[in-house]
């Protein structure tokens, strides 16, 4: 299946709401391949390794230096190769020689064209608040958005969603999804389909101050305890380990508090003993 056909098939199935796994099973593709196609904004992005319309070269970051040295009179390829190799170039000598070959027919070599920003960097610009962007980054982003109405619409939707999320305005979610549906943006449309599947929970998450952070923390801690037993623990043993881990943690907290209280309390009278407890119970009432 050619790249354009594969891209169209994946986007069509994604628009129907299929998961990455489902699309891979339907088309016989690996999940990594499906995920890469879904993330691609256009098919042209798949045809170029870095999404800039051309294939990247190991020489890209060294081209300004090579042009400067060539115009300064250094036209020996072997010497230039050693110089850029010392700067971190990892390619072969043949790559440099092929690049320098057209230079020998010109008296003056022009400066290389500015390298187009990579997709990951442009995404970072779109996800950044305009007031937090550097002037040069904002200028480059404006130039890119000015050449693509689709990307301009996408950036507007992304930033409005970010503002809605940061200001807890979940009441605007339906309006935002309707605006996305009105545009022909397959990636955001599939995102909206996922939101509608659990819209009540999404609205609550965009409205309330509560979050699932503490729950995720406990889940992560339980997984850590379970992995320490290498899959050999049944539920009863896992329960005891969780309770004991909680107990030891509480003991440490109470111990620190007790030591602080002891040092802050007045001196005991001669003959006065510290009170102790012989109960074999962890703080919180958990029996050992």
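Numbering (UniProt numbering), first residue to last: 1 to 288. C-beta atoms are modelled at their ideal positions from N, C-alpha and C, and glycine is treated no differently.
About 7 Å separates the beta carbons of residue 6 and residue 37, which is inside the 8 Å limit, making them a contact pair. Using a C-beta cut-off of 8 Å, the stretch 177-195 makes contact with the stretch 142-154, since at least three inter-stretch Cβ pairs fall below that distance.
Excluding sequence positions up to five before and after residue 125, its CB lies within less than 7 Å of the CB of 133, 137, 141, all in the same chain and listed in chain order. Rounded to whole angstroms, residue 163 and residue 27 show a C-alpha spacing of 37 Å. Per the Cβ contact rule, the stretch 218-227 is not in contact with the stretch 56-74 (fewer than 3 Cβ pairs under 8 Å).
Shown here for residue 206: same chain residues with a beta carbon closer than 8 Å to its own, the five before and five after excluded, namely 164, 165, 168, 169, 170, 173 in chain order.
Scanning its chain for C-beta atoms nearer than 8 Å, with the 5 sequence neighbours on each side dropped, one finds around residue 20 the residues 31, 34, 35, 38, in chain order. In the structure shown, residue 212 adopts coil according to DSSP, grouped into three states. Judged by DSSP secondary structure, residue 194 falls within the alpha helix (DSSP H) whose first and last residues are 186-197. Residue 160 carries a helical assignment under DSSP once its states are collapsed to helix, strand and coil. Under the three-state reduction of DSSP output, residue 234 falls in the coil class, being neither helix nor strand.
Here residue 73 carries a coil assignment [DSSP, helix/strand/coil].
In this structure, 9 is the residue among 9, 180, 161, 115 with its C-alpha nearest to the C-alpha of residue 43. In this structure, the straight-line span from the alpha carbon of residue 224 to that of residue 103 is close to 60 Å. In chain order, 43 place their CB closer than 7 Å to the CB of residue 4, counting only its own chain and leaving out the 5 sequence neighbours on each side.
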